[in-house]
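Inspection log for the structure reproduced underneath, given as structure tokens.
4 protein chains.
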Amino acid sequence: MAHTIRDKARLLARVRRLKGQAEAVERALEEERGCADVLMLVASMRGAINGLTVELMEDHIRHHIVNPDNEQDAARASGAKELIEVLRTYLK
Amino acid sequence: MAHTIRDKARLLARVRRLKGQAEAVERALEEERGCADVLMLVASMRGAINGLTVELMEDHIRHHIVNPDNEQDAARASGAKELIEVLRTYLK
Amino acid sequence: MAHTIRDKARLLARVRRLKGQAEAVERALEEERGCADVLMLVASMRGAINGLTVELMEDHIRHHIVNPDNEQDAARASGAKELIEVLRTYLK
Amino acid sequence: MAHTIRDKARLLARVRRLKGQAEAVERALEEERGCADVLMLVASMRGAINGLTVELMEDHIRHHIVNPDNEQDAARASGAKELIEVLRTYLK
């Protein structure tokens, strides 16, 4: 990674929340809560994973391919910007 | 839940593996490993979540709706069996 | 299938809309429209496929397993109702 | 788009196959074939849409952002190559 301190902090916060969600699923199973409740917790983990994925992909595009905010080549900047938007739509 | 002891043990093993995968992502971010590596770890978490989901859904169908293995009504048994197969295809 | 006339009409309307969306993607490719536009059209097809899937699964549960609206066994009725809700959350 | 003639032909072949799959789902519904059969046809459409998506994203990266095969900047080339691999893993 080695992106920015701020990116790193944000990604770490996301992954720690994900770990907390896994622990909530574990507790729900141990306490033998209803299947539907457990499945809803797992569905929210899936949403969190998609959110983490799109953030990692966006950071990768910005830091290792083309950063639309400071790219000189206008066509590349706009191509990278469009890709980030498309990925957000796909993984939301 | 309150399914069977065996189901519960298997589901708990899955969710603990998932927690371990979240910890691996956390370490990878802290050690500033490459984006592509982190993304591959996250992709494998997503696969594990799909596996857990399909297992929870299958258990729910068997224990709270119709268990194809001991249902008297043949049409319902076959309907439940088909649904389980379809869910496995969708979430594999 | 052989569900109800009304279910069938609704499912056919969905799949014809899907065919229309595929034709829109085809035209966009032929007219060499921008990648991002084409990708957005394909993303909306994916949403439509998820919608069709959840409707087919719900119809399958209601007509071939347990219909929560007229099931005598209250536990089964509630199990089927919960599964339908969970599938809607997963595939929305 | 306006990529290459060869890319365009390949994408058009994919989208026409997708249209054919939508027509197969339509026929299956009209002939009142079993739910499970229809759901399997819809599942294969979903797979085809993921395949089309990853191909469109890869073409977009190559033609509008960075083409790893002829990029001078080695870091960008490798960043784009990694992203294409990750997208293939996610959308396969």
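Chains as they are written, first to last, in the numbering used here: chain A, 24 to 115; chain B, 24 to 115; chain C, 24 to 115; chain D, 24 to 115. The beta carbon of each residue, even a glycine, is placed where N, CA and C say it ideally should be.
In whole angstroms, what is the alpha-carbon distance linking residue i and residue j?
i                      : j                      : result
residue 29 of chain C  : residue 97 of chain C  : 26 Å
residue 115 of chain D : residue 95 of chain C  : 43 Å
residue 90 of chain D  : residue 68 of chain A  : 34 Å
residue 102 of chain C : residue 104 of chain B : 16 Å
residue 41 of chain D  : residue 54 of chain A  : 46 Å
residue 112 of chain C : residue 99 of chain B  : 24 Å
residue 27 of chain B  : residue 87 of chain B  : 12 Å
residue 31 of chain C  : residue 38 of chain A  : 44 Å
residue 78 of chain A  : residue 82 of chain D  : 21 Å
Please check the pair residue i and residue j, which I expect to be a contact at CB under 8 Å, by giving their CB distance rounded to whole angstroms.
i                      : j                      : result
residue 80 of chain C  : residue 106 of chain D : About 34 Å separates the two Cβ atoms, so there is no contact after all.
residue 52 of chain B  : residue 52 of chain A  : So it is not a contact: roughly 27 Å between Cβ atoms.
residue 109 of chain D : residue 59 of chain B  : 6 Å
Using the rule of at least 16 other Cβ atoms within 10 Å of the residue's Cβ for burial, across every protein chain shown, is residue i buried or exposed?
i                     : result
residue 50 of chain D : exposed
residue 92 of chain A : exposed
residue 76 of chain A : buried
residue 36 of chain A : exposed
Cutting at 8 Å between CB atoms, please list the residues of its own chain near residue i, excluding the five before and the five after it.
i                     : result
residue 44 of chain B : 64, 67, 68 and 71
Note down, in chain order, each residue of its chain lying with its Cβ closer than 7 Å to the Cβ of residue i, except the 5 sequence neighbours on either side.
i                     : result
residue 84 of chain A : 103, 106 and 107
residue 24 of chain B : Note that residue 24 of chain B scores 48 on pLDDT, short of 50, meaning its location in the model is unreliable; the coordinates nonetheless yield the value given after this. Counting only Cβ-Cβ distances below 7 Å, and skipping sequence neighbours, we find 31.
So, for residue i: in the same chain, excluding its five sequence neighbours on each side, which residues have a beta-carbon less than 6 Å away from its beta-carbon?
i                     : result
residue 73 of chain B : 114
residue 57 of chain B : none
- Only counting runs of 4 or more residues, tell me where the alpha helix (DSSP H) segments fall wholly within the stretch 64-115 of chain D, in order along the chain. 97-114
- Task: Counting only runs of 4+ residues fully inside the stretch 26-63 of chain C, write out the alpha helix (DSSP H) ranges in chain order.
- Result: 28-53, all fully within the stretch 26-63 of chain C.
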